[in-house]
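Mapping to the numbering used here: the sequence shown position 50 is 51, numbers consecutive. Ideal placement from N, C-alpha and C gives every residue a C-beta, glycine not left out. As structure tokens, the structure follows; a few thoughts come after it.
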Amino acid sequence: MSVLPGDSSFEQIRSSIFRVEAQWLGGSATATAFVVAMLRESKKLVLATAKHVLDVPEDRDVLWAIQQFDEYGKVARQVSFGTNKARKGDVPYRTHNTLDVGIFVLPAVDDKKKALAAEGEFPVRTIDMRCGASTGTRVAWAGFPGIVEAALGFPQLCYFEGVISAMVNRLDQRMYVVDGHAAHGVSGGPVWQWSNERDRLEVLGIVCNYQHFADGLPGFCFFEPINPVLDYLECEVWRPEKCGDSLVLNRQDVGRGA
């Protein structure tokens, strides 16, 4: 069984995690996302998140605020932009046809007209899919639970731990079932393991759903594997080389990320 270094792994990944907020007439939503890739020349960050996070009204003006906070709770990075797919056309996000995963491509500059990407920033390291994770593997995840934000009066990035209870590996569905807790607002957050063999943190999934039944604990989290997002980013229909930019991943199983 793998182990987690607790705060050590959290500190390694927290600088890649963002809070997502969407507001539109008659509604709003908050969630989590993380840096899964970058565009090398333009320095644009590509965030992975859950598909349902991006399920906003296509015929309304939606104001997005993507924020990151430092250890003292101050906004360290923020970029805001608006979308209206019906009126303006293209949007800076894509979603999977059937899975609960999606990506954001953020602007290169933040709200202060400074570079959004930090100096030397690199995407999260993702799992070597040839190694994979298995039932009994200890995993961690992080995000911005709405219930904590409501209680404190401000957003707070929180750390969670659990164990993979089942690996759903059907032809029509692949998913991690994890014995642990999450909450609204954590959707889209990264799920990772600590590999003793390779002595490193490896992101293996995305928080997508949480089930807690009134007849008692435990609750079960459902996490989408990260590989469909990575495969999509590398596919020919999306690859940014066609528009003069190149993709940076930290996916060791395919030799990318150098």
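Flag this pair as yes or no: are the beta carbons of ASP111 and VAL92 separated by less than 8 Å? Translated into positions along the sequence shown, residue 111 becomes position 110. Translated into positions along the sequence shown, residue 92 becomes position 91. Not a contact, by the Cβ cut-off of 8 Å.
Close Cβ partners of LEU100 (< 8 Å) along its chain, the five nearest in sequence each way excluded: Indexing the sequence shown from 1 puts residue 100 at position 99. Within the same chain, LEU100 has close Cβ partners LYS52, GLU225 and PRO229.
With a cut-off of 8 Å, does the C-beta of GLU225 fall near any C-beta of chain C? In summary, chain C is missing from the structure at hand, where a single protein chain is found.
With distances taken Cα to Cα, identify the nearest neighbour of VAL47 among ASN85, LEU234 and CYS209. On the sequence shown, residue 47 is found 46 positions in, with the first residue counted as 1. Comparing Cα positions, the closest option is LEU234.
Drop a sphere of 10 angstroms on the beta-carbon of THR33, count the other beta-carbons inside from all chains shown, and report buried for 16 or more, exposed for fewer. As a first step, residue 33 must be located in the sequence shown, where it is residue number 32. By the neighbour-count rule (16 or more Cβ atoms within 10 Å), THR33 is buried.
Rounded to the nearest angstrom, what separates TRP142 and PHE123 at their Cα positions? Locating residue 142 in the sequence shown gives position 141, where the first residue counts as 1. Locating residue 123 in the sequence shown gives position 122, where the first residue counts as 1. Taking the straight line joining both Cα atoms gives about 19 Å.
Go ahead and label LYS45 buried or exposed: buried means 16 or more other beta carbons lie within 10 angstroms of its beta carbon, across all protein chains shown. On the sequence shown, residue 45 is found 44 positions in, with the first residue counted as 1. By the 10 Å Cβ count, LYS45 comes out buried.
Which whole-angstrom value describes the C-beta separation of LEU202 and THR127, a residue pair presumed to lie in contact below a C-beta threshold of 8 Å? Counting from 1 along the sequence shown, the entry for residue 202 is found at position 201. Counting from 1 along the sequence shown, the entry for residue 127 is found at position 126. Not quite, the Cβ-Cβ distance comes to about 10 Å (not below 8 Å), so this is no contact.
Can you give the beta carbon distance from PHE19 to TYR160, rounded, assuming they're within the 8 Å contact cut? The residue you call residue 19 lines up with position 18 of the sequence shown. The residue you call residue 160 lines up with position 159 of the sequence shown. Actually they are not in contact, since the Cβ atoms of PHE19 and TYR160 sit about 16 Å apart, beyond 8 Å.
Could you say which of TRP195, ASN210, GLY245 and GLY206 lies nearest to GLN13 if we only look at CA atoms? The residue you call residue 13 lines up with position 12 of the sequence shown. Here the closest residue by C-alpha is TRP195.
Please name the residue, chosen from VAL125, ALA87 and CYS236, that lies closest to GLY190 on a Cα-to-Cα basis. Working through the sequence shown from its first residue, we reach residue 190 at position 189. Taking only the C-alpha atoms, the option nearest GLY190 is VAL125.
How is the beta strand (DSSP E) around ASP180 delimited, first residue to last? Indexing the sequence shown from 1 puts residue 180 at position 179. From DSSP, the beta strand (DSSP E) with ASP180 extends over 174 to 180.
Paired residues, beta bridge with TRP163 - DSSP: One-based indexing of the sequence shown puts residue 163 at position 162. Reading the sequence as shown, one finds Gly at residue 163 and not Trp. Answer by DSSP bridge pairing, in chain order: VAL140.
How far does the alpha helix (DSSP H) with GLY147 in it reach, from first residue to last? Within the sequence shown, the letter at position 146 stands for residue 147. Taken as a continuous stretch (DSSP letters only), the alpha helix (DSSP H) holding GLY147 covers 147 to 153.
On the DSSP letters alone, give me the boundaries of the beta strand (DSSP E) that ARG20 sits inside. For the purposes of this step, residue 20 is taken as residue 19 along the sequence shown, with counting starting at 1. 18 to 25 is the extent of the beta strand (DSSP E) around ARG20.
Judging by CA-CA distance, which residue of ARG95, THR84, PRO241 and VAL208 is the nearest neighbour of GLY1? What the structure shows of the chain is the stretch from 2 to 259, and residue 1 is not part of that stretch, so it cannot be assessed.
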